[in-house]
Every structure is written in structure tokens, then in C-alpha cells.
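>
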Amino acid sequence: MTMRHLEPIRTEADHVRAMARIDELWGSPTGTPQGDELKALFLLVEAYERGCYPMADVDPLAAIEFSMDQAGMTSKDVESLLVQSGVVDANIDDILSGKQPLRLDVVKALHRHLSIPMKDLIKELAI
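In C-alpha cells form, the structure reads like this:
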């Protein structure tokens, strides 16, 4: 089977068709035409949904906690990543409890290592 011709998702009907096709392709191996089509459809659906259903403002501390939870990381794990990035005096528990401000060096490291969007982290930045 070859990859179908893909077009931008412009309407809700296009979105429904794309989601149905994703269901058909679910579980396709990476590196196959079906896996490539699945990945491309994910990107198209994500772009459409981002435009139609904008996310509400995200609390920076909640974004950090969510990312840690999704990655299965503890505070110690995150602090190790911060140290690897040259941030030696940040305590993630103190940051999350509001005892320590969220600084630019910490934001950069969290963005780099946890893939938290920069826009979600800079709202409470202590400069």
C-alpha cells in the first residue's frame, strides 16, 4: 500500500476524515509508507486543532509538574538535568511551591530537556 495524497485540513469534515484514517493506520510500523502517512496525518491534525481549539493560558508551574509527570521524572531527576545545563542553585521543589522564582536559566533548561514550550514558561519569569 502506498501513502495517500495528503491535503491540509480546512474543515471539520476534513478533520473527521483524517481522524478516521488515523484509526485505520494506527499501529503502522515506523519507516513504512503507512507509518509515514500516520505521522504526516498527526501533524496535519495537530495544526488544524491548534488553529480551531486554541489552548488556554497555561500556568508555568503546572506545565512543569505535568511534564515531569508525563516523563515519569522526580524532582531529583529534574535537578540533575538542571545541573547538566549549568544550573546549580535551583531547587525544583522550591520553584514549584513558589519559594524560589522561576529564572531564565531554569526556563531554558526546562525547555531544552522537558520540551515545555517557552511561551508556557516565561509568564512568571523572574528577571
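Counting in my numbering, the sequence shown runs from 3 upward without gaps.
Virtual Cβ for every residue (Gly too), placed ideally from N, Cα, C.
For the alpha helix (DSSP H) containing Lys125, list its first residue and its last residue.
Looking at the DSSP string, Lys125 is not in any alpha helix (DSSP H), and its letter there is neither H nor E.
> Can you tell me which of Lys101, Leu43 and Val85 puts its alpha carbon nearest to the alpha carbon of Lys110?
Val85
> By DSSP, does Leu46 sit in helix, in strand, or in coil?
If DSSP states are grouped into helix, strand and coil, Leu46 belongs with the helices.
> If you reduce the DSSP assignment to three classes, tell me which class Arg6 lands in.
coil
> If Leu27 sits next to Leu40, beta carbons under 8 Å apart, how far is it from one beta carbon to the other, in whole angstroms?
4 Å
> Roughly how many angstroms separate the alpha carbons of Val47 and Thr32, rounded to a whole number?
18 Å
> For the alpha helix (DSSP H) containing Ala15, name the first residue and the last one.
Per DSSP, Ala15 belongs to the alpha helix (DSSP H) from Glu14 to Leu27.
> Please report how far the alpha carbon of Ile118 lies from the alpha carbon of Ser82, in whole angstroms.
17 Å
> Considering just the uninterrupted stretch of the alpha helix (DSSP H) at Pro62, what are its terminal residues?
Pro62 to Ala73
> Between the beta-carbon of Pro62 and the beta-carbon of Asp107, is there less than 8 Å?
no
> Measuring straight from C-alpha to C-alpha, what distance separates Gly88 and Asp25?
Gly88 and Asp25 have their C-alpha atoms spaced approximately 44 Å apart.
> Please report how far the alpha carbon of Ala92 lies from the alpha carbon of Leu8, in whole angstroms.
46 Å
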